[in-house]
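Given below as structure tokens:
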């Protein structure tokens with residue numbers, strides 16, 4: 001509804017420009033009519049043009065009025081107080097000044113003999129500014145509204161918005177004076193009135209050139225001012241203290257209070273001593289890999305596979321991950337999306353570390369404090385890196401989860417050159433990625449004929465060591481081989497003792513092909529009835545709100561963004577719409593019949609489960625979208641909407657046309673700015689922080705705050721009264737206002753950006769900064785760091 005109302009305020013001004021220009025031209029030429037009957041006919045047509053102009057003007061004003069009725073002022077202030085008057089005033093003038101004068105003119109013309117010459121006074125009335133200006137003013141008003149809507153940022157800056165409005169009023173005044181003089185001239189019987197269309201055309205061209213020159217100057221200044229500094233630290237935005245006391249921030253040379261301890265981001269590391277419980281090596285390298293359909297992908301990979309190896313650890317374990325950059329010229333990092341690690345381990349180039357260039361390594365060490373479904377990806381040139389494959393899944397299991405001892409400790413990655421055209425061959429085993437004794441879950445690899453190129457499809461805890469894999473309907477293996485385990489071994493568990501199957505479903509868009517991991521077809525699994533099934537859904541696409549539809553059984557949404565929900569209810573025929581970077585865990589008990597997880601409602605892309613892996617894909621019914629706002633049962637939280645907050649911030653998201661780093665584009669703004677001019681939210685460790693996120697733009701924005709999980713308090717004023725909804729990647733749709741809260745308990749410099757990475761690359765990024773933190777890293781062309 002919101003997008004429709006905004007469209008009503010955007011499209012009509014374009015029509016007003018066109019229709020107003022046509023009607024204005026006809027009105028200005030009315031006095032040159034050669035005879036009374038023809039002038040009378042033209043006057044009638046001008047009245048008809050008033051009706052035509054009424055339609056877009058009324059639509060624009062109606063859209064603004066409806067926004068005022070249903071939404072908060074931030075959504076409509078400029079549209080009601082500035083844009084609507086610029087549209088409405090010319091129309092009012094047309095109906096109450098132009099139309100009455102045209103009717104009087106037509107009455108006067110009706111008394112003329114057919115061939116009688118027109119009197120000077122009659123021509124003067126036809127040239128009166130009250131007839132001409134309202135139509136021309138409609139065009140200028142539409143142009144001003146379009147400029148304000150597309151160029152002026154939100155929240156509204158009254159001074160900046162007043163300039164184009166005042167300029168429009170000045171143009172209207174000049175038009176009135178000009179046509180008044182022309183009417184006065186026409187009233188002179190001795191005046192020679194000659195229609196010179198070419199003269200008008202040249203005059204219009206001159207005005208256009210003059211305005212273009214002025215506009216060109218402003219465009220050039222905007223172009224120059226948009227260029228990013230060659231070197232700048234990420235904490236460069238203007239400090240916003242959220243209504244709380246001012247805090248010391250080191251980045252701009254401000255004076256640090258005596259006694260305040262200043263800590264560098266580089267010192268906020270995980271434990272540097274002690275033997276890690278889990279050790280992984282991830283090698284970033286380019287590789288051509290093949291999807292299950294045979295489509296070739298020129299990918300950037302971790303350990304030669306897409307997605308990268310699944311890292312499965314337990315809560316409380318000390319994890320050590322070494323990143324090796326083999327040949328990614330633009331550099332790489334590893335960001336642990338959704339896992340709240342110490343700041344120096346967050347993996348953001350230019351904010352928490354320098355990018356790892358070819359031939360370099362970087363080691364991350366952190367304790368996995370949370371449990372749940374997470375993922376990792378490069379945060380150096382992140383839009384390109386994630387799109388090309390530098391990502392993988394990260395699963396943190398409860399510390400008390402008991403699993404059988406695995407039968408191997410290697411990380412298998414399949415080289416596509418080892419696959420024969422008519423079958424499968426056993427792959428080589430890469431260097432160990434996990435220490436012996438890893439409890440990582442099993443990753444199923446899929447390819448054109450079954451297993452292929454280390455292409456991660458879905459990871460699952462297999463219920464028996466001899467789980468069979470089929471290719472083209474035939475058994476590919478009698479027992480689970482190393483080729484079937486991407487991150488960790490198949491568990492040696494008796495089938496009768498099996499209680500759970502665990503699938504990780506990472507959806508991704510490879511060029512123009514959607515896939516689950518590297519499988520762009522239907523993957524089939526045999527699952528015994530009564531088995532408890534968990535599907536971990538991870539959307540890695542850029543600016544794709546992906547839909548997942550489970551048919552054949554009822555289910556529960558057990559977790560959102562890695563955090564379990566309290567008493568989740570059973571759902572049937574509800575699709576799960578997941579924003580970029582977001583995660584849902586869904587659980588169900590396997591029924592006797594088949595179950596199908598469809599991606600995007602497709603019957604040719606998904607996971608098919610049945611007792612023997614065979615059967616027909618079930619039809620997919622129409623489904624409503626799952627809404628977590630009232631889902632589950634309330635539970636005790638450390639704070640809620642009634643708490644007293646130390647700081648409150650408002651983040652207004654919008655879009656506008658403009659330059660970013662010298663490129664003209666659609667800009668996505670935060671509080672009217674793009675990086676590095678976006679505000680920097682300042683907090684003190686221990687602060688309870690409330691954030692209101694307003695999306696008054698036309699597209700969705702999955703907002704991702706690093707290093708913290710936020711509790712959703714309300715949406716559009718409606719309280720979140722189901723299970724506590726904790727999120728790290730919140731999908732804010734157009735016209736939505738979310739209130740969220742978090743405890744500032746993880747000191748550092750943290751990115752807060754849109755995870756539609758194309759938006760972040762265009763400047764939709766800001767930062768959360770703690771008091772007393774120093775930022776030693778920089779970004780810019782003179783550096784190797786380019787986080788977006």
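Residue numbers (the UniProt record's numbering): 1 to 788. Backbone N, C-alpha and C fix where the C-beta goes; we use that ideal spot for every residue, glycine too.
For residue 321, the number of other beta carbons within 10 angstroms of its own is at least 16, and it is reported as buried.
Around the beta carbon of residue 585, 16 or more other beta carbons lie within 10 angstroms, which makes this residue buried. In the three-state reduction of the DSSP assignment, residue 631 falls in the coil class, being assigned neither a helical nor a strand state. For residue 383, the uninterrupted alpha helix (DSSP H) segment begins and ends at 382–388. Between residue 180 and residue 681, the C-beta gap is not smaller than 9 Å, which leaves the two residues out of contact. With a 10 Å radius around the Cβ and a threshold of 16 neighbouring Cβ atoms, residue 572 comes out exposed. Using a C-beta cut-off of 8 Å, the region 373–385 makes contact with the region 743–761, since at least three inter-stretch Cβ pairs fall below that distance.
Residue 726 is bridged by DSSP to 711. Counting of Cβ neighbours within 10 angstroms places residue 555 among the buried residues, the total reaching 16 or more. Relative to residue 690, the option among 651, 698 and 675 whose CA is nearest is 651.
Within the same chain, Cβ atoms closer than 7 Å to the Cβ of residue 372 are found at 396, 559, 562 and 563, the five residues on either side in sequence being excluded. Under the DSSP assignment, residue 159 falls in the alpha helix (DSSP H) whose first and last residues are 158–186.
About 5 Å separates the beta carbon of residue 546 from that of residue 578, a gap short enough to meet the 8 Å contact definition. Excluding sequence positions up to five before and after residue 84, its CB lies within less than 6 Å of the CB of 61 and 64, all in the same chain and listed in chain order. Following the DSSP letters along the chain, one finds residue 306 in no beta strand (DSSP E), marked with neither H nor E. At the C-beta level, residue 20 and residue 53 come within 9 Å of one another. In the structure shown, residue 684 falls within a coil segment according to DSSP collapsed to helix, strand and coil.
Cα atoms of residue 268 and residue 342: separation of roughly 6 Å, rounded to the nearest angstrom. In the displayed model, residue 323 falls within a strand according to three-state DSSP. A contact is defined here as three or more CB-CB pairs under 8 Å, and the region 110–126 fails this definition with respect to the region 69–86. Residue 44 places its beta carbon 9 Å or farther from that of residue 86. Sixteen is the threshold: since fewer than 16 other Cβ atoms of the shown chains lie within 10 Å of the Cβ of residue 92, the residue is exposed. If you look at residue 108, you'll find it in the alpha helix (DSSP H) that goes 99–109. Going by beta carbons, residue 230 and residue 781 fall inside the 9 Å limit. In the DSSP assignment, residue 131 falls within the unbroken alpha helix (DSSP H) covering 129–151.
Under DSSP, residue 704 takes part in a beta bridge, and its partners are 729 and 753. Looking only at 523, 57, 609 and 576, the smallest Cα-Cα distance to residue 14 is reached by 57. Of all alpha-carbon atoms in 715, 730 and 725, the one lying nearest the alpha-carbon of residue 706 is that of 730. Only buried fits residue 658, as 16 or more other CB atoms lie within 10 angstroms of its CB. In the three-state reduction of the DSSP assignment, residue 297 falls in the strand class, which pools E and B.
Taking residue 266 as reference, the option from 306, 287, 363 and 688 with the minimal CA-CA separation is 363. Counting along the chain, the unbroken beta strand (DSSP E) around residue 375 starts and ends at 372–377. Taking residue 328 as reference, the option from 297, 286 and 398 with the minimal CA-CA separation is 286.
In the three-state reduction of the DSSP assignment, residue 563 falls in the strand class, which pools E and B. When secondary structure is reduced to three states using DSSP, residue 19 falls in the helix class.
At the C-beta level, residue 732 and residue 671 stay beyond 9 Å of one another.
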